[in-house]
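Protein chains in written order, with this note's numbering: chain B, 1 to 467; chain C, 468 to 712.
Every residue gets a Cβ at the ideal spot worked out from N, C-alpha and C, and that includes glycine.
Here is the structure we will look at.
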Amino acid sequence: VKSTPPQFVANFDSATAMARALGAGLRREPFPALGEPPVLKLPVRHAGLLPWRLRRALYIFSGWQESRPERQVADMDVEEIARWVTGEYPDRQYPAVAVGSSNGAGVHLWNLLGVPWLPQTALLPVRQSVHPDEPKAAMEMGLEPGRTLLENNPDITLHHMHDANQDRLMIRTMTYFRVKRRRLGAAYERWLAEHLPPGGTLYVQECEQTWGVTRLGDRHVFQHGAVGGATEREFHEGSARVAEYLERHGSPYREWDGPEPTERAPEAEWGFEPALLDDLRRVARERRYRLVRLRFPEPQALSPLVADLYRAEYRRRGIPGNRLVLPSFVVMEPHWTLKTGSVPFWMEFNMQPSLDAVHAYLDGTEPFDDIGLMLFQHGVEAPGLVPAEQWQRLLDRARRESRWLGVDPDEIPKDFAQYARYDDAMRRWPARHPVPGPLPLRRFEEHCDGDRYRVRLEVEQTAAAAA
Amino acid sequence: VPPVTPVFTRTWGREGGGGPVLVMVHGLVVAGSMLAPSAERLAGSVRVLAPDLPGYGRSRESAGAVSVPSLASDLLEWAAGAQVRRALWLGVSFGCQVLTEVALRRPDLVERMVLVAPTVDPTARTVPRILRRWQQESSTQSTALKRLLLADYARAGARRAAGTVRAALRDRPEQRLPHLTAPTLVVRGTADPITTAAWAQEVTRLLPRGRLVTVPEAPHAMTFDAPDALADAVRPFLDGQEDPL
Chain B
1 VKSTPPQFVA NFDSATAMAR ALGAGLRREP FPALGEPPVL KLPVRHAGLL PWRLRRALYI
61 FSGWQESRPE RQVADMDVEE IARWVTGEYP DRQYPAVAVG SSNGAGVHLW NLLGVPWLPQ
121 TALLPVRQSV HPDEPKAAME MGLEPGRTLL ENNPDITLHH MHDANQDRLM IRTMTYFRVK
181 RRRLGAAYER WLAEHLPPGG TLYVQECEQT WGVTRLGDRH VFQHGAVGGA TEREFHEGSA
241 RVAEYLERHG SPYREWDGPE PTERAPEAEW GFEPALLDDL RRVARERRYR LVRLRFPEPQ
301 ALSPLVADLY RAEYRRRGIP GNRLVLPSFV VMEPHWTLKT GSVPFWMEFN MQPSLDAVHA
361 YLDGTEPFDD IGLMLFQHGV EAPGLVPAEQ WQRLLDRARR ESRWLGVDPD EIPKDFAQYA
421 RYDDAMRRWP ARHPVPGPLP LRRFEEHCDG DRYRVRLEVE QTAAAAA
Chain C
468 VPPVTPVFTR TWGREGGGGP VLVMVHGLVV AGSMLAPSAE RLAGSVRVLA PDLPGYGRSR
528 ESAGAVSVPS LASDLLEWAA GAQVRRALWL GVSFGCQVLT EVALRRPDLV ERMVLVAPTV
588 DPTARTVPRI LRRWQQESST QSTALKRLLL ADYARAGARR AAGTVRAALR DRPEQRLPHL
648 TAPTLVVRGT ADPITTAAWA QEVTRLLPRG RLVTVPEAPH AMTFDAPDAL ADAVRPFLDG
708 QEDPL
């Protein structure tokens, strides 16, 4: 029986959903409804019948009920998250464990290798209402609860994140607190000791994406904007399309007047906080682990490497490997990806940079016979959103067949029914292959050799040197 | 009722001085009292410290689930507080599981170590099997030991006892043994139904610097029920007169 994350962690958080997706994959189970109870699939599937205003209200409400009132911040203990996460993975011994950044390509990679991943980041939304286009007010409102959270959790860094573009519907009722571990903590460390024997490998998943932030304290920063549609510069300085977007949403503003960034910091959602490395080095030394760092400059940089690794391994097993599936943000089906012999290329969101990344990948690789698209739906026509025609042009690059995997192209980006459909859509696409046993780590590490990818694999400590 | 301290530690031998320290790590649920007869005999050239791990014996305060890694963390924390730097260590039964975890993480703290009747044999890692071996073992126990067992089980409570059994069964000491570099003496009594001869040999074989000594007629709980024979078997090793390998 699956447990649920602590109440103060958002179910719609990327790290939470990805840990659940990988847990399902390692248990060789499907990942329906983004990890939510499958009974919700029925009403959600028919959400499209509702008028848009009601659909939007339901979306906002479902997010809002995931947030916690401010008075509960004092009780939030990030160790509870670690205890829940480790419970998602089968209770057995592993040859390797990954720790670090959240990454959808990583979920598919670790699922192929049969390796659990311990997220560094989590989203703890706090119920506060603020006008989405007033980032300074949002920052000020988050100060006090942020300090309370930090006082009670000495081993974390807090990134208060405010993205009026992609998270427009959510942030009007809640403050996004993203926390990153600076130390492994007792729960993760104990779980490692019990599940990763000496001589095992500790992979550090390190996304080096940064963002300009305003420092609010020793371990406390405010991040205005986020990776996705609008650029960092557009958040800080505005642009014609930002002005147009704000006008279209009836905002009294035409640009965002955010606080002045004081420095760069790991990006709140995807970036790796390197303070954790010291603790990982200690644990690797104490327990005779190989410590292997996997470093990449931005979230999607890992996607081509993982896609190619899948394709190469399918071919080794005599499977064509000519079906490409495009998971998007947290919409993914790791188990059915393997079962249908599909090559996953993970997209960070549903915005222009994701479309560009897939095109660039296809430009440099052998064509695929089939292409299937999953597409996260966040309900806002925001700068950088890709219209359906452009996705269709991408799908048209398939030599044989293309499919929208549970998405209704006419409803983008408001087709919330997608969340109830993507898994069935995967399952209904014929092609079945046995799910292979874990891929030997060596094959993955050999695959990283050379400079084909924007990914650096660095063996920092061998098990022998640790001894 | 004596006051409950976070970690209750029994000591034998002279205070202070720069002589060697021997730390004894107790077994499953039964805490330091069971080590006393052996500690008395070994204290002399060494000073003996026997902490009751948090949650056991007279150290009743403990939070969270029981596991070998967390008990090792507790023991390391205690060692830091007790100013134990490099020492001789002796683990008994389940205490060997905790001790080998300590030795893995902090080889600098371990000069040499003794594993007395180490557990749990991989062929016995299910509840029914371990219960059967315990049942066989109980016939080797003295009445005094049984009384002690009852008292310490009552102190720890059924929950903690069950949790400790689970922790012992899920732990895999054989994965750590090849990484332990300290000279190690493995001790087994021939009347011990829990630690079989085959398992004691396997433990010794896996250790890079291990040696096995067998004590005739000694039971599993030999620290209590065969303290003279045990002391005679380990004293030369602790004194550094014998080096394995």
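If you draw a straight line from the alpha carbon of G212(B) to that of M351(B), how long is it in whole angstroms? 21 Å
Can you find a C-beta in chain C that's less than 9 Å from the C-beta of R287(B)? yes
Could you name the residues of the segment 180-195 of chain B whose beta carbon sits closer than 9 Å to any beta carbon of chain C, in the order they occur along the chain? A186, A187, E189, R190, W191, L192, A193 and E194
R148(B) to V407(B) span [Cα, whole Å]: Per the sequence shown, residue 148(B) should be read as Thr rather than Arg. So the alpha carbons of these two residues sit roughly 41 Å apart.
Which residue from R28(B), A164(B) and R456(B) puts its Cα closest to that of H249(B)? A164(B)
Name the two residues that bound the continuous alpha helix (DSSP H) containing W666(C). Counting along the chain, the alpha helix (DSSP H) containing W666(C) begins and ends at A664 to L673.
When we look at the beta-carbon of F349(B) and count the other beta-carbons within 10 Å, is it buried (16 or more) or exposed? buried
The segment 629-642 of chain C: positions lying closer than 8 Å to chain B by Cβ: R637, D638, R639 and Q642
At which residues does the beta strand (DSSP E) containing Q461(B) begin and terminate? R456 to Q461
Could you tell me which residues DSSP puts in a beta bridge with V565(C)? DSSP lists no partner for V565(C).
Let me make sure I understand the geometry here. Which of A105(B), A17(B), L338(B) and P252(B) has the alpha-carbon closest to that of L294(B)? Selected option, being the one with the closest Cα: A105(B).
Less than 9 Å separating the beta-carbons of P683(C) and A696(C)? yes
Supposed close pair A226(B), A265(B) - CB separation, criterion 8 Å: Actually they do not touch by this definition, with Cβ atoms about 13 Å apart.
Member of D706(C), F704(C) and D699(C) whose CA lies at the smallest distance from the CA of S427(C): The structure shown has nothing for residue 427(C), since chain C only spans 468 to 712.
Please report the straight-line C-alpha distance between S102(B) and Q602(C), rounded to a whole angstrom. 50 Å
Using a Cβ-Cβ cut-off of less than 8 Å, list which residues of the segment 550-583 of chain C approach chain B; keep chain order. E568, L571, R572 and R573
Entirely enclosed beta strand (DSSP E) segments - the segment 229-314 of chain B, minimum 3 residues: 263-266 and 290-296
Kindly indicate if chain B contains any beta-carbon less than 9 Å away from that of V594(C). no
When you compare the segment 322-335 of chain B with the segment 373-392 of chain B, are there three or more beta-carbon pairs, one atom per stretch, that lie closer than 8 Å? yes
Since L617(C) is in the beta strand (DSSP E), which residue starts that stretch and which ends it? Counting along the chain, L617(C) falls outside any beta strand (DSSP E), though it belongs to the alpha helix (DSSP H) covering T610 to A623.
Could one say the Cβ of P344(B) lies closer than 9 Å to chain C's Cβ atoms, at least one of them? So, not an interface residue.
If you draw a straight line from the alpha carbon of H195(B) to that of Q93(B), how long is it in whole angstroms? 5 Å
Examine chain C for any beta-carbon lying closer than 9 Å to the beta-carbon of Q461(B), and answer yes or no. no
For S534(C), go through chain B and note every residue whose CB falls closer than 8 Å to its CB, in chain order. R190, A193 and E194
Quick check: is the beta carbon of P6(B) nearer than 9 Å to any beta carbon in chain C? It does not: the Cβ of P6(B) has no partner Cβ on chain C nearer than 9 Å.
Are the Cβ atoms of G114(B) and L457(B) separated by less than 9 Å? no
P197(B): contacting residues in chain C (beta-carbon distance under 7 Å): R639 and Q642
Which same chain residues, not among the five before or five after A447(C), have their C-beta less than 7 Å away from its C-beta? Nothing can be reported for residue 447(C): it is not among the residues displayed for chain C, which extend from 468 to 712.
For D133(B), does the three-state DSSP call read helix, strand or coil? In the structure shown, D133(B) sits in coil (DSSP, three-state: anything other than H, G, I, E or B).
Measuring only between beta-carbons, confirm whether P585(C) sits less than 9 Å from chain B. no
P85(B) to R287(B) span [Cα, whole Å]: The question names Pro, but residue 85(B) in the sequence shown is Val. Looking at the two C-alpha atoms, the distance is approximately 21 Å.
Partner residues on chain B for S537(C), Cβ-Cβ distance less than 7 Å: R190
Contact between the segment 127-139 of chain B and the segment 61-79 of chain B (3+ Cβ pairs under 8 Å): yes
Beta strand (DSSP E) segments (min. 3 residues) lying fully within the segment 486-537 of chain C: 488-492 and 514-518
Which residues DSSP lists as bridging M174(B), in chain order: R127(B)
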